[in-house]
Each structure stands twice: as C-alpha cells, then as structure tokens.
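See below for the structure under consideration.
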Amino acid sequence: MQELKIFRFRAGEAPEYMAQAWRLRHQVFRETLGWSVRSLNQLEIDHFDKMALHCVAVEQDVVVGYWRSLRTTEPYLLEQYFPDLLEGRPLPKRPDIWEISRFAVAPSHPRRRDVGKSLALEIGRFGFDQGASRLIAVVEPPFGRFIRACGLPVTQDVTPVVVGTGSQGDVVATIITLDMQIYAQRLGAAAGQAQIAAA
0 MQELKIFRFR AGEAPEYMAQ AWRLRHQVFR ETLGWSVRSL NQLEIDHFDK MALHCVAVEQ
60 DVVVGYWRSL RTTEPYLLEQ YFPDLLEGRP LPKRPDIWEI SRFAVAPSHP RRRDVGKSLA
120 LEIGRFGFDQ GASRLIAVVE PPFGRFIRAC GLPVTQDVTP VVVGTGSQGD VVATIITLDM
180 QIYAQRLGAA AGQAQIAAA
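Heads up: the sequence shown is residues 0 to 198, going by numbering that gives the first Met the number 0.
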C-alpha cells in the first residue's frame, strides 16, 4: 500500500502541488459533477486561492485529495456566493472561525474513502492548530453525513436548498459546522475510554 502524506501550505509555497490541486478540482467539480465553475486549461482556479491555506493528500508525489480553508475575516465562499443559506442570520466574521471548501478526492483512486477520511481528520487537526472555535462549510448533505461518519461531530445548520444544477441534476447545499470545543470533548472521552479498556 502506498504511503499517503498530508501537507498544508499557503499560495506560492508549493507551486507543483497547487497546480495538481487545481487540475484535481477541475476534474472533480467541472468534469465529474458538472458544476458551473470557471476553468482555464483544465485548471479550476478562483480569487479565493491567494488568501487560502491549502491542504493536499499526496501519494508518490501525486495529489490525490485536497481541501482549502479561508479565515472568515477575509472574503470567503459562503459570504460571497451563498449568504441566503443563512436565512437572515449574520455572516460569521471572526478570526477564530474558518471556512472549509473545495474538498475533493481523485475519482479514480482505488481507496477514495480512505483518502477522504484522512483529509477529513486533517480538518479537525487544522482546527486545533489554528485555535479555531468553529469550522464551517457549504456542502451537499451526503458529504455532511460522510464527515460525521469519519468521526467529526458536525451539525447541519440550515435546511438544504437547491443552489444550482450539475451533470447529476440539482445541486443541493446546506451549511455544516464543526464546533471545536465539542470535538475536543469527544476526543477526550474517547481517549479516556481507550485507557480504561487497556487497563
């Protein structure tokens, strides 16, 4: 089994990985899902990338998974494209709240679920490293269920609504939130149970 490595970096720090991530995003969001995202030369790039912290899953120097994060004090996806999802509630604008977006795994990867789980757990580690209180994301409901199955206790904050169309029909979105304090408590409880079982 090939070793999967996870790296985080900012724009400009890892240009080869960034280029591969843009190609992966094009493959997943434009080619596979048929979303109306802009691509140039099979690279899906947007104006958020320069401000984001990027995360890649790499096997033998090939990017097989990706997500990015944006601090909500900067322009971010929910704020600029999906504010109506909040149903009138104020937009998060705090340095301890980050948005996760563009989560993608190579469609042809033989262990897609394992790669996805590794990336999901890295989201939790990222939250702790940044001292975040909450992580938020605009997602399709099945993805929220996948994140919960990976062990992150995310909550669905709003009623799912149709936000567009893709090659597989309507694109339905909701907002999920990972409360880092609750996650820390879950991890602490799990560690305590493991110690008891090992005693």
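Ideal Cβ positions, reconstructed from N, Cα and C, are used throughout, including at glycine.
- Message: Just to confirm, is the Cβ distance from R101 to R67 under 8 Å?
- Response: For R101 and R67, yes; Cβs fall inside 8 Å.
- Message: When you compare the CB positions of V138 and A183, do they come within less than 8 Å of one another, or not?
- Response: At a Cβ-Cβ threshold of 8 Å, V138 and A183 do not count as neighbours.
- Measure the CB-CB distance between A56 and S132 and report whether it falls below 8 Å. No, they are not a contact pair.
- Near A18, which residues of its chain fall below 8 Å by C-beta distance, leaving aside the five closest residues on each side in sequence? Taken in chain order, the residues that qualify are L42.
- Query: Residue range of the beta strand (DSSP E) that D169 falls in?
  - Reply: Counted as a single uninterrupted DSSP element, the beta strand (DSSP E) harbouring D169 occupies residues G168 to D178.
- Exposed or buried, what is V161 when buried is set at 16 or more other beta-carbons lying within 10 Å of its beta-carbon? Exposed, since its Cβ has fewer than 16 Cβ neighbours within 10 Å.
- Item | Cβ-based burial, P94 [other Cβ within 10 Å; buried from 16] | P94 comes out exposed.
- Message: Considering just the uninterrupted stretch of the beta strand (DSSP E) at A56, what are its terminal residues?
- Response: According to the DSSP assignment, A56 belongs to the beta strand (DSSP E) that extends over L52 to E58.
- Query: Relative to the alpha-carbon of A10, which residue among V62, M50, E78 and G115 has its alpha-carbon at the smallest distance?
  - Reply: The shortest C-alpha separation from A10 is found at M50.
- Query: Does the beta-carbon distance from A105 to L3 come in below 8 Å?
  - Reply: Cβ atoms of A105 and L3: not closer than 8 Å.
- Neighbour-count burial assignment, P14, 16 or more Cβ in a 10 Å radius: Burial check for P14: the Cβ neighbour count within 10 Å stays below 16, so the residue is exposed.
- Message: On a Cα-Cα basis, can you pick out the residue from G168, Q167, V157 and Y16 that is closest to G87?
- Response: The shortest Cα separation from G87 among G168, Q167, V157 and Y16 belongs to V157.
- Is Q1 helix, strand or coil when you go by DSSP? Correct three-state label for Q1: coil.
- Cβ of Q155 within 8 Å of Cβ of I175? Using a Cβ distance threshold of 8 Å, Q155 and I175 count as a contacting pair.
- Query: Does DSSP put A105 in a helix, in a strand, or in coil?
  - Reply: Here A105 sits in coil by DSSP.
- Nearest to I122 (by Cα), restricted to the options M179, L77 and G168: Nearest C-alpha to I122: M179.
- Report the rounded CA-to-CA distance for A119 versus G168, giving the unit in angstroms. Cα-Cα distance, rounded: 26 Å.
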